[in-house]
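Note that the protein sequences, when read in sequence, are chains V and Y. For the first sequence, this note's numbering gives the first residue as 6, with consecutive numbering after it. For the second sequence, this note's numbering gives the first residue as 6, with consecutive numbering after it. Where is the CB? At the ideal position from N, CA and C, for every residue including glycine. Remember, predicted model here, so these are calculated numbers, not experimental data. Data first, discussion second: the structure below is written as structure tokens.
2 protein chains.
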Amino acid sequence: MITDAHSHVLALDFGGTKLAAAVVDIQNGQILAQQRQATPAEQGADGSIKTMLTLGRQVLKDCTLAAPARVGISFGGPVSGDCRTVLMSNHVPGWENVPLPQLVSETFGCPAAMDNDANAAALGSWWYDAHREPDHMVYIQISTGIGAGLVLKREIYRGAAIAGEIGHITVVPNGPLCVCGKHGCLESLTAGWAIARAGRKALENAVHGSPLWQACQGDADRLDARLVIQAANAGDPTAGEIINDAFSALGIAIANMILLYDPQTVMLGGGVARAQREMLAVMEPVIERELHPLSKKRCKLQFSGLEGRETLLGAAHLPL
Amino acid sequence: MITDAHSHVLALDFGGTKLAAAVVDIQNGQILAQQRQATPAEQGADGSIKTMLTLGRQVLKDCTLAAPARVGISFGGPVSGDCRTVLMSNHVPGWENVPLPQLVSETFGCPAAMDNDANAAALGSWWYDAHREPDHMVYIQISTGIGAGLVLKREIYRGAAIAGEIGHITVVPNGPLCVCGKHGCLESLTAGWAIARAGRKALENAVHGSPLWQACQGDADRLDARLVIQAANAGDPTAGEIINDAFSALGIAIANMILLYDPQTVMLGGGVARAQREMLAVMEPVIERELHPLSKKRCKLQFSGLEGRETLLGAAHLPL
């Protein structure tokens with residue numbers, strides 16, 4: 006199975022809720038071994054690093070690989086413009102100014118490179134899902150939060166440091182409150198947490214036995230984005246409105262991205278994007294209405310087929 | 006005065022309302038000779054080309070220059086992704102698929118290169134106003150229309166063809182009708198024509214003798230963006246609201262651009278941007294409110310100091 010050790014990269018994905026390590030064969034995008042674990046957030050950055058190094062050693066062992074050729078790191082939070090330092094994490098304390106690639110490089114005795122998770126996922130999608138065809142591609146991850154990774158002129162574009170902050174562009178002025186303190190950001194309408202929040206609020210006035218009530222048996226704590234979408238599909242009018250607001254906002258944001266970046270491909274990934282059918286039903290007419298005639302049809306809208314593997318696959322390409 | 010003929014570039018700017026030709030010394034950004042003329046729109050593309058070639062020969066003669074080293078062309082409308090063909094003009098008929106650089110190159114017997122006017126202006130501003138300091142710069146031209154030119158990684162970024170279409174991103178969903186047929190585009194609130202339109206509508210109910218009425222002596226046909234701004238400055242509350250809506254929308258759009266491109270500089274040019282004081286008074290608190298803490302203060306907001314010369318200066322750099 007292992008044909009060329011030089012193509013074997015150790016990929017480490019530091020997420021806010023989970024840590025994942027894998028050995029990736031970058032010649033064909035195969036994941037040869039993988040380990041995942043919940044992020045021990047209460048143990049801070051040190052605990053995450055320690056756990057991740059153990060996962061990393063484990064996947065190397067699983068592949069009977071003494072040492073990786075390189076290590077690629079994806080981090081779920083902002084990193085510095087030169088990609089050498091983690092700036093912070095919104096989920097785990099103690100990540101301020103940690104020189105993570107250097108630590109990892111010293112541990113495994115090989116070069117290591119890092120980027121944020123949206124950029125890593127964009128790179129993975131561009132290589133293995135878009136097959137490096139588009140010169141310019143916008144990847145949008147819609148899960149708990151919403152972020153974008155930009156492949157422009159066949160390279161990751163990060164601006165001074167954190168370009169692609171699509172989650173916090175204002176889509177509806179004076180709209181719902183966002184986690185960032187602003188109102189009407191894309192996240193405040195379309196992120197997993199925002200759909201769940203709107204669902205919980207609607208549940209307060211929901212009729213006992215309505216599809217929304219049934220989806221969670223009246224228990225607000227159980228209500229997540231997936232269940233709100235399910236209730237909308239079952240004909241719940243309030244859940245339908247929530248989904249309509251969420252995916253209309255996404256349609257406007259995507260149209261704006263197409264007008265601003267003029268990419269050949271917009272790729273959608275992340276947990277919420279699994280509701281592909283529901284998303285398209287709302288979004289397509291919005292995008293059709295929002296786009297300038299010259300931009301229409303030049304850009305392909307595509308859903309990720311990598312089922313969450315794009316981040317690890319992209320991380321593996323970072324040290325090249 | 007003329008020291009090195011190789012640094013002398015003929016710059017041609019095809020605008021919807023005016024044509025301009027200049028000889029530019031690209032070593033120092035000096036315009037050695039310049040000629041302008043109203044665009045003979047009724048004579049179509051052929052008439053514009055003929056007039057422009059005459060202007061070009063005239064400025065060469067004014068500099069006693071037998072032939073230019075190169076010709077740079079700025080076009081006020083979309084051009085093809087490879088910059089070899091004009092796609093169309095919104096102002097002058099007959100520009101569909103015209104191979105303008107080839108025509109110009111054959112006429113003057115030297116290489117010629119073209120881009121749209123927003124990209125040319127961005128390049129001119131980056132060279133001679135930002136002095137090539139920012140690696141990433143967004144140039145926004147706010148005049149009759151609104152467009153952006155993007156210098157990313159020290160080069161013009163154009164996407165598949167026409168990236169930077171900031172004028173038609175939706176800023177206020179269901180907002181005012183735009184020339185493009187959509188509602189709530191940035192142009193529909195902030196372009197010169199939109200400010201004038203809102204002023205003319207307000208004039209219908211304006212009190213005789215109010216600052217708005219006085220600015221145009223009650224004559225709607227005389228009311229332009231400059232006069233609406235003047236009325237707002239004179240304390241007219243309705244004109245004040247129009248300006249507030251216009252520049253708040255611009256503030257949101259600029260904040261969105263900073264979140265998406267993470268540039269070191271945002272440069273504002275064009276006629277409406279001459280109202281620098283009025284713009285900043287409204288925009289600064291909006292941008293402050295809209296920006297993610299990590300983006301704040303990393304980006305410099307600058308007004309063009311080139312007084313409209315940026316397009317010709319940038320055009321001169323296109324054939325390099």
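Handout entry: Beta-carbon spacing of P268 of chain V, V143 of chain V below 8 Å
Key = yes
Practice task
Return no unless some Cβ of chain Y is closer than 8 Å to the Cβ of R279 of chain V.
Solution key: no
Exercise for the section: Examine chain V for any beta-carbon lying closer than 8 Å to the beta-carbon of L264 of chain Y, and answer yes or no. Expected result: yes
Practice task
Indicate the three-state DSSP secondary structure (helix, strand or coil) for L70 of chain V in the structure shown.
Solution key: coil
Practice task
Please confirm if the segment 264-281 of chain Y is in contact with the segment 190-199 of chain Y, defined as three or more CB-CB distances below 8 Å between the two stretches.
Solution key: yes
Handout entry: DSSP three-state assignment for V109 of chain Y, whether helix, strand or coil
Key = helix
Handout entry: Residue-chain proximity (R41 of chain Y, chain V), Cβ-Cβ < 8 Å
Key = no
Exercise for the section: Please decide whether K305 of chain V counts as near chain Y, where near means a Cβ-Cβ distance under 8 Å. Expected result: no
Handout entry: The beta strand (DSSP E) enclosing S79 of chain Y, as first and last residue numbers
Key = 75-80
Exercise for the section: Excluding the 5 residues preceding and the 5 following A123 of chain Y in the sequence, name in chain order all residues of the same chain whose CB lies nearer than 8 Å to its CB. Expected result: Y144, Q146, G152, A153, G154, G169
Exercise for the section: With a threshold of 16 other CB atoms inside 10 Å of the CB of E295 of chain V, please say whether the residue is buried or exposed. Expected result: buried
Practice task
Grab the span of the beta strand (DSSP E) containing V287 of chain Y for me, first residue to last.
Solution key: Note, V287 of chain Y: premise wrong, no beta strand (DSSP E); alpha helix (DSSP H) at 281-295.
Problem - Residue range of the beta strand (DSSP E) that includes I36 of chain V - result: 35-43
Exercise for the section: Check whether the Cβ of D30 of chain V lies closer than 8 Å to any Cβ atom in chain Y. Expected result: no
Exercise for the section: Pull up the distance between the alpha-carbon of L15 of chain V and that of Q42 of chain V, whole angstroms please. Expected result: 16 Å
Handout entry: Backbone CA spacing between G223 of chain V and L217 of chain V [nearest angstrom]
Key = 8 Å
Exercise for the section: Following the continuous beta strand (DSSP E) through L15 of chain Y, name the residue where it begins and the one where it ends. Expected result: 13-19
Practice task
Give the C-beta separation of L108 of chain Y and I174 of chain V to the nearest angstrom, bearing in mind that I take them to be a contact with Cβ-Cβ under 8 Å.
Solution key: Not really, about 41 Å apart at Cβ, beyond 8 Å.
Handout entry: Where T175 of chain V falls: helix, strand or coil (DSSP)
Key = strand
Exercise for the section: Given a cut-off of 8 Å, decide if Y162 of chain Y and L157 of chain V are closer than it, judged by their beta-carbon atoms. Expected result: yes
Exercise for the section: Can you pull the chain Y residues whose beta carbon is under 8 Å from the beta carbon of I257 of chain V, in chain order? Expected result: T175, P178
Practice task
Grab me the residues of M6 of chain V's own chain with a C-beta within less than 6 Å of its C-beta, minus the 5 sequence neighbours each way, in chain order.
Solution key: Unreliable placement is indicated for M6 of chain V, whose pLDDT of 41 sits below 50; no coordinate value is reported for it.
Handout entry: Listed by chain order, chain V residues near G164 of chain Y by CB distance under 8 Å
Key = H141, L157, Y266, D267, P268
Handout entry: Those residues which DSSP pairs with C190 of chain Y across a bridge
Key = Y:T175
Practice task
Name the two residues that bound the continuous alpha helix (DSSP H) containing D250 of chain V.
Solution key: 242-266
Exercise for the section: Kindly indicate which three-state DSSP category M57 of chain Y falls into: helix, strand or coil? Expected result: helix
Handout entry: Against chain V: residues of the segment 229-244 of chain Y by CB proximity under 7 Å
Key = none
Handout entry: As assigned by DSSP and simplified to three states, the class of E47 of chain Y
Key = helix
Exercise for the section: List the residues of chain Y whose Cβ lies closer than 8 Å to the Cβ of R294 of chain V, in chain order. Expected result: K187
Exercise for the section: Find the residues of chain C that neighbour A168 of chain Y, judging by a C-beta separation of less than 7 Å, and give them in chain order. Expected result: The structure shown contains no chain C; its protein chains are V and Y.
Problem - is_contact[G81 of chain V, chain Y] using C-beta, thresh 8 Å - result: no
Handout entry: Cross-chain neighbours of I171 of chain Y in chain V, by beta carbon under 7 Å
Key = L265
Problem - DSSP three-state assignment for K158 of chain Y, whether helix, strand or coil - result: coil
Handout entry: Cβ contact check for the segment 242-249 of chain V and the segment 132-142 of chain V: 3 or more pairs under 8 Å
Key = no
Problem - Rounded C-alpha distance that separates A127 of chain Y from G34 of chain Y - result: 14 Å
Practice task
Determine the burial state of H13 of chain V: buried for a count of at least 16 other Cβ atoms within 10 Å of its Cβ, exposed for fewer.
Solution key: buried
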